[in-house]
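Here the structure is laid out as structure tokens; the discussion comes afterwards.
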Amino acid sequence: MSDTKKTTIVLFSGEYDKAMAAYIIANGAAAYDHEVTIFHTFWGLNALRKDEHVPVKKSFMEKIFGKMMPRGADKMGLSKMNYMGMGQKMIKDVMKKHNALPLPQLVEMAQEQDVKLIACTMTMDLLGLRKEELLDEIEYAGVAAYIGDSEDGNITLFI
Amino acid sequence: MSDTKKTTIVLFSGEYDKAMAAYIIANGAAAYDHEVTIFHTFWGLNALRKDEHVPVKKSFMEKIFGKMMPRGADKMGLSKMNYMGMGQKMIKDVMKKHNALPLPQLVEMAQEQDVKLIACTMTMDLLGLRKEELLDEIEYAGVAAYIGDSEDGNITLFI
Amino acid sequence: MSDTKKTTIVLFSGEYDKAMAAYIIANGAAAYDHEVTIFHTFWGLNALRKDEHVPVKKSFMEKIFGKMMPRGADKMGLSKMNYMGMGQKMIKDVMKKHNALPLPQLVEMAQEQDVKLIACTMTMDLLGLRKEELLDEIEYAGVAAYIGDSEDGNITLFI
């Protein structure tokens, strides 16, 4: 085991506030020279979606899933007090006032700090998400890669 | 500390997708020769319920809880897009098409791979669940056992 | 690294049952001589609110957030089966019958066992919570302190 500290986060949840927490911890750990991985699975994959429509061939079911899920980090709702998006707008306004970085910028910052962003290929298949629909410069892997990354980790979280 | 790696998961959540994530990680870690424990507490206990009705003596309150909670892994709903069970049916159809293992089989596989499945006795008491209602060949313990198992662990997750 | 074991928990969720799980694990780990930290962020901050109204100067938005969020551990709802508070009342009745400690007492016990209770200053700002509104004898810090505390930890959880 090398001396480099490691933080690995499974981002399962598809909510704006939970994804924010994941990315704030990831960016914090990267600033302290940790090797950081965020493994996006299930609804957490939505944080990696591009915000524009990407024309790809999908089955009927996959189209429905695609339409129902938020297209990108900025469109995710809150886990509490969402109130049809009103709570989310309030949080975003407050964040702006406090100069807190919104989620899409937190994702960008993570990429600049070399946080490894992984999309879980098994759940991409289940939800019908294609590589073309997700951000560039991310990695694709399954649970084996997650175990390999985490087993020597210092901080391991499931969010 | 021995050389065997350890993964311990607290399964608190009672949703199908979260329990799936827990069992996929557990089975993955077991495949990589980790000693794996899933400690089922609160709503996560429902993943261990037998799917048939088991006649046991219960107080009025315990009967209500028993009726309101899903009877076994297969009957749990989704954490997102459940839509009164429709989203869950969709996910199950898609899983079938992709040959992904449904939750009850993931639980079986975990038992075959000697993943230690523990039911939290304190929350069993609170929710009025009896040993007869839960799967055979699981273990019963409290928070002390969880701490003992996890403190030398490599991967520790709360799901 | 010293021989003392360490448990660090991020309490993000604002539900009674999840906060109970966090505090039960924290108290258990403290009983086994772990150094324990609970880092309260986002909705988890509500577990640290005093239950009386504290007159502080707030913006209009902050007042709204303050009114919508539960004032203290005892007023938090359940993550499942809350049914407008009915499920929560049922759980509390059952806990009483089983002599299980309610959440406010679990928080007290944690303080008596020297569990370090930290309020995340960044999310306090976002939600408009002031130090005067939170319990006495807690600490205030940001993500850097969390990383420092957790990177040599044995058990790291996000709840």
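These protein sequences, in sequence, are chains H, R and E. The numbers in this note's numbering rise by one with no breaks, and the one at position 2 of the first sequence is 1100. The numbers in this note's numbering rise by one with no breaks, and the one at position 101 of the second sequence is 1199. The numbers in this note's numbering rise by one with no breaks, and the one at position 29 of the third sequence is 1127. Even glycine gets a Cβ: it sits at the ideal position worked out from N, Cα and C.
- Membership of H/Y1238 in the beta strand (DSSP E) is indicated by the continuous run 1237 to 1239.
- Distance from the Cα of R/D1101 is smallest, within the candidate group H/L1224, H/D1250, H/Q1186, H/V1241, for H/D1250.
- In chain order, I1122, I1123, G1126 make up the part of chain H whose C-beta sits under 7 Å from the C-beta of E/V1241.
- Check the Cα spacing between E/L1199 and each of E/A1171, E/E1133, E/C1218: the tightest is with E/A1171.
- The beta carbon of H/R1228 sits closer than 6 Å to those of V1154, all from its chain and outside the five residues before and after it, given in chain order.
- Contact between E/T1105 and E/I1253 holds: their C-beta atoms lie close to 4 Å from each other, under 8 Å.
- If you ignore the 5 residues before and after H/V1192, its C-beta comes within less than 6 Å of no other C-beta in its own chain.
- When secondary structure is reduced to three states using DSSP, E/A1124 falls in the helix class.
- If one requires a minimum length of 3 residues, the beta strand (DSSP E) runs lying completely within the region 1202 to 1234 of chain H are 1214 to 1218, in chain order.
- Leaving aside the five residues that flank H/A1127 on each side, the residues in its chain whose CB is nearer than 7 Å to its CB run, in chain order, T1105, V1134, I1253.
- Residues of chain H with a Cβ closer than 8 Å to the Cβ of E/L1224 are, in chain order, I1189, V1192, M1193, H1196, A1198.
- H/V1213 and R/Y1121 have their alpha carbons spaced roughly 26 Å apart.
- With 16 or more neighbouring CB atoms inside 10 Å of its own CB, E/M1222 falls in the buried class.
- At a cut-off of 8 Å between beta-carbon atoms, H/Y1130 makes contact with chain E.
- Here the alpha carbons of E/L1143 and E/S1111 stand approximately 9 Å from one another.
- Contact check for R/L1201 against R/M1118 passes: the beta carbons are separated by less than 8 Å.
- In this chain, the alpha helix (DSSP H) harbouring R/V1192 covers 1184 to 1195.
- Rounded to the nearest angstrom, the gap between the Cα atoms of E/N1125 and R/W1141 is 21 Å.
- In terms of Cβ geometry, R/M1179 and H/M1166 form a close pair [threshold 8 Å].
- In this structure E/A1208 is buried. Its beta-carbon is surrounded by 16 or more other beta-carbon atoms within 10 angstroms.
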